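In the numbering used here, the protein residues as written are 144 to 258. Everything on this sheet refers to the single structure shown next.
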Ligand code: 5GP
Ligand code: ZN
């Protein structure tokens, strides 16, 4: 837990969130400012600032993050029509919260390339 991290505070329950899924390793919750009709964030409970901070010790954790995201996408009815995963990283990636998170975006057709 990083004491100055917004998402660590959400994991700890110090800041409220709308939970979608939780277990010992990952937490998923609805984005407060949804960019798509369905917009969920899934995060590791371990504080990692961004994807660059992960290393091979985190292989199982990152695999679980992706596979749980698949389960969540399915449970929210996104699988048939499709969806998008996004991991914004650093300044050019548009990252605003510095605790690794995977966006699960769905519910409408998404444009490409990103802005
Ligand atoms: P980033 O731009 O870092 O990839 O995404 C951060 C995301 O966190 C944004 O989509 C933003 O709306 C979301 N967010 C920021 N603060 C909060 C909050 O307090 N609660 C929730 N549920 N989402 C948040
Ligand atoms: Zn954190």
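Using N, Cα and C, we set each Cβ at its ideal position, and we do this for glycine too. Since the structure is predicted, the reported quantities are computational estimates derived from the model, not experimental observations.
CB contact flag (residue i, residue j, <8 Å)
{"i": "residue 172", "j": "residue 158", "result": "no"}
{"i": "residue 229", "j": "residue 242", "result": "no"}
{"i": "residue 163", "j": "residue 186", "result": "no"}
{"i": "residue 232", "j": "residue 174", "result": "no"}
{"i": "residue 209", "j": "residue 249", "result": "no"}
Residue environment, residue i, which counts as buried when at least 16 other CB atoms sit within 10 Å
{"i": "residue 211", "result": "buried"}
{"i": "residue 217", "result": "exposed"}
{"i": "residue 199", "result": "exposed"}
{"i": "residue 239", "result": "exposed"}
{"i": "residue 202", "result": "exposed"}
Check: residue i C-beta below 7 Å from any heavy atom of the ligand ZN
{"i": "residue 145", "result": "yes"}
{"i": "residue 150", "result": "yes"}
{"i": "residue 244", "result": "no"}
Contact test: residue i Cβ vs the ligand 5GP heavy atom, cutoff 7 Å
{"i": "residue 239", "result": "yes"}
Range of the contiguous alpha helix (DSSP H) that encloses residue i
{"i": "residue 248", "result": "Here residue 248 belongs to no alpha helix (DSSP H); instead the beta strand (DSSP E) covers 245 to 249."}
{"i": "residue 195", "result": "Element bounds for residue 195: n/a, residue is neither H nor E."}
{"i": "residue 202", "result": "202 to 218"}
beta-carbon residue i near the ligand ADP non-hydrogen atom, thresh 7 Å
{"i": "residue 190", "result": "This structure does not include the ligand ADP; its bound ligands are the ligand 5GP and the ligand ZN."}
Start-to-end residues for the beta strand (DSSP E) that takes in residue i
{"i": "residue 226", "result": "226 to 229"}
Starting from the N-terminal side, write out each stretch of the beta strand (DSSP E) that is 3 residues or longer and does not extend beyond the region 151 to 182. 162 to 165 and 169 to 173
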